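To start, the structure under review is shown below, and the notes come after it.
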Amino acid sequence: MNSQYKALILDTILKEARSKTLIFIFLATTASIVLGHLVLSAMNSDMGQGAALSMAGIDILSMNFRILNSISFIIALVFGVSVFRSDFENNIIYQYLSFPISRTEYFFLRVLGTWLLVFIYYAYAYALSAILFSFAFKSFVFSWSHLLSFGVLNLYLLLVIFISIFFSLLMNKIGALFVTFVCCVASSVAYGTFSKLPLKEQFQDVSVFKVVGAFFYYLFPRITFLDELSSKILSKEGMVENVLQQAIHLVVISVVFIFIANYFVKKKDF
Amino acid sequence: MDIIQIKDISKSYGPEFSLKNVSLDVKQGKIFSLLGPNGAGKTTLVKLMLNLMHSDSGEIKINGHDVSDKSSRAGIAFIPEKFNFFSFYTARGVLEFFGKMKGVEGAELKSQVDSALEELQIAELANRKLSRMSKGQMQRVGLASILIGKNDLIILDEPFSGLDPIGIRDLKDIIKKLKEQGKTLFINSHILLEMEQLCDEVAILNKGKLLFNGSVASVLEREKSLEDFFYKLISNERGQ
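Chains as they are written, first to last, in my numbering: chain Z, 1 to 270; chain G, 1 to 240.
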């Protein structure tokens with residue numbers, strides 16, 4: 001990786017890592033995990049050690065990861081809408097774009113830097129949970145499914161960051177936060193409904209809600225698919241239905257979104 | 001050789017023209033100043049040169065590259081009127097970041113940063129965060145950044161604004177030194193007296209139209225000073 005790329009990624013991490021929101025979430029997450037560890041240690045010393053408890057440890061760890069997933073979603077959203085916008089609102093974007101990098105490089109390096117920051121938070125919370133919970137249960141509660149789930153969820157977070165930065169190109173921070181949140185929720189609801197319906201039924205009894213749902217299901221990246229896949233891996237509750245079809249749709253629509261975002265980045269006047 | 005080639009550039013905001021069919025060339029190694037009253041279109045032209053904006057028509061080439069090509073910015077240093085960067089950076093941190101973005105690394109970067117800090121007399125501020133600097137000190141950090149990397153073209157937007165008399169004198173010395181090194185300087189400024197002393201060539205814009213483009217010597221053949229020439233030109237234009 002050349003020095004420009006490394007410098008811009010590090011710059012992205014440094015500027016967002018100073019956010020009070022991140023510091024608060026970081027401290028709150030650490031406190032919650034340590035507290036959870038203390039409660040589990042107390043329970044363990046009262047109830048004794050055994051395989052059943054170790055299994056309970058894995059379940060509790062899985063539940064803990066689900067909570068972390070939700071927090072990471074919020075962090076991804078908040079930093080996604082801020083990372084480009086803060087350059088723009090502080091009039092610093094002129095400086096960045098006067099360097100010999102293309103707008104496409106600038107945009108995607110900002111996405112990558114933000115994702116790495118969220119990844120660091122998530123990996124830290126993940127590792128701390130696994131280590132402390134293993135101590136609480138006096139056995140190693142980590143499983144490979146956690147790691148796989150972690151990988152899938154990081155793809156999900158990358159897409160959330162990308163979508164929030166995309167919207168922040170078009171509107172202010174609050175607007176982008178609101179629109180990204182609404183789109184992610186709408187996409188999640190649409191995915192929950194449409195993915196369970198056979199194709200024929202998806203277009204029967206057409207209503208406004210169904211049209212909106214179909215719009216989000218077919219024309220928006222199905223990020224909830226990654227969330228569901230991550231949860232299924234974590235809980236070992238079988239596989240997502242039509243996993244290949246869902247994966248292909250996700251890749252195709254995401255690529256289209258990337259092209260649209262790149263077009264907007266290239267055409268924007270600053 | 002022309003380092004900047006601007007041909008028939010137009011840019012409008014709605015029905016209002018910010019620039020109308022502007023053409024001008026800037027020769028390598030010259031100090032060129034773009035003059036004009038507020039709202040003349042000077043900043044718009046600089047933004048177009050840096051590809052921060054897109055023109056409605058015409059083309060701009062820098063070092064032979066179209067401005068949409070990132071290679072056109074490979075040898076450019078740009079300092080806006082109010083230099084601003086993220087406040088958690090120290091002076092050294094900013095200069096190192098600028099160097100890396102221009103492809104300078106390792107010992108060469110350290111050496112360039114040290115000499116830029118010395119040149120601008122801000123070595124004692126090297127490890128001070130920008131958030132703890134005065135406007136003048138910040139501006140000096142910005143000016144130090146033009147000494148980092150291999151810059152053939154230096155674009156300065158109102159560079160004297162916010163500087164104290166010592167800073168103005170230092171900046172004039174730096175500009176002269178850069179010219180001696182064969183660099184081209186493109187300066188947007190309102191301070192006509194300084195421009196008359198420093199520049200080889202000037203262009204005067206008003207309401208998006210290029211009214212004059214020529215050498216300072218040719219201006220002084222016609223009028224006593226650049227200020228008189230500028231005043232008459234703009235007054236005539238307003239009278240029409």
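Quick reminder that beta carbons are idealized off the backbone N, C-alpha and C, glycines included.
All of these numbers come straight from a predicted model, not from anything done at the bench.
| query | result |
| --- | --- |
| Residues that GLN5 (chain G) bridges to, as DSSP identifies them | G:ASP25, G:LYS61 |
| Among Z:PHE270, Z:ASN64, Z:PRO221, nearest to LEU128 (chain Z) - alpha-carbon criterion | Z:ASN64 |
| ARG132 (chain G), buried or exposed, once every other Cβ within 10 Å from all chains shown has been counted against 16 | exposed |
| Counterpart residues of GLY214 (chain G) in DSSP-defined beta bridges | G:VAL202 |
| Neighbour flag for ALA74 (chain G) against chain Z, beta carbons, 7 Å | yes |
| Amino acids of chain G, ordered along the chain, whose beta-carbon sits closer than 9 Å to that of ARG85 (chain Z) | The premise fails here: ARG85 (chain Z) is roughly 14 Å from chain G at the closest Cβ pair, so nothing lies under 9 Å. |
| Proximity test, ASP152 (chain G) beta-carbon vs the ligand ADP heavy atom, cut-off 6 Å | In the structure shown, the ligand ADP is absent, as is every other ligand, since no ligand is present at all. |
| Of the residues Z:TYR121, Z:PHE84, Z:PHE264, Z:THR193, the one placed nearest LEU177 (chain Z), counting alpha carbons only | Z:PHE84 |
| Cα-Cα separation between ALA76 (chain Z) and GLY213 (chain Z), rounded to whole angstroms | 24 Å |
| Neighbourhood of ILE3 (chain G) by C-beta distance below 8 Å, restricted to the same chain and skipping five residues each side | VAL26, LYS27, GLN28, ILE62, ASN63, ASP152, LEU153, THR184 |
| Chain G contact for ILE233 (chain Z) (CB, 7 Å cutoff) | no |
| Sufficient close CB pairs (3 or more, under 8 Å) joining the stretch 167 to 180 of chain G to the stretch 191 to 205 of chain G | yes |
| Proximity to ASN257 (chain G) [Cα-Cα], best of G:ASP56, G:ARG238, G:GLN137, G:LEU130 | Within the shown structure, residues of chain G are numbered from 1 to 240, placing residue 257 (chain G) beyond reach of any answer. |
| Chain Z residues whose Cβ lies nearer than 8 Å to that of PRO242 (chain G) | This structure gives no information on residue 242 (chain G), because the portion of chain G shown stretches from 1 to 240. |
| VAL256 (chain Z) versus SER230 (chain Z) - alpha carbon distance | 24 Å |
| Simplified DSSP assignment, three categories, for TYR13 (chain G) | strand |
| In DSSP terms, what ASP152 (chain G) is bridged to | Its beta-bridge partners do not exist; DSSP assigns none. |
| Below-7 Å beta-carbon distance, ARG18 (chain Z) vs any chain G residue | yes |
| Test item: CB-CB of THR12 (chain Z) and GLY113 (chain Z) under 7 Å | yes |
| Beta carbon of ALA126 (chain G) nearer than 7 Å to that of LEU117 (chain G) | yes |
| Complete alpha helix (DSSP H) runs within the stretch 159 to 214 of chain Z (minimum length 4 residues, chain order) | 173 to 194, 199 to 202 |
| Sufficient close CB pairs (3 or more, under 8 Å) joining the stretch 94 to 111 of chain Z to the stretch 20 to 34 of chain Z | no |
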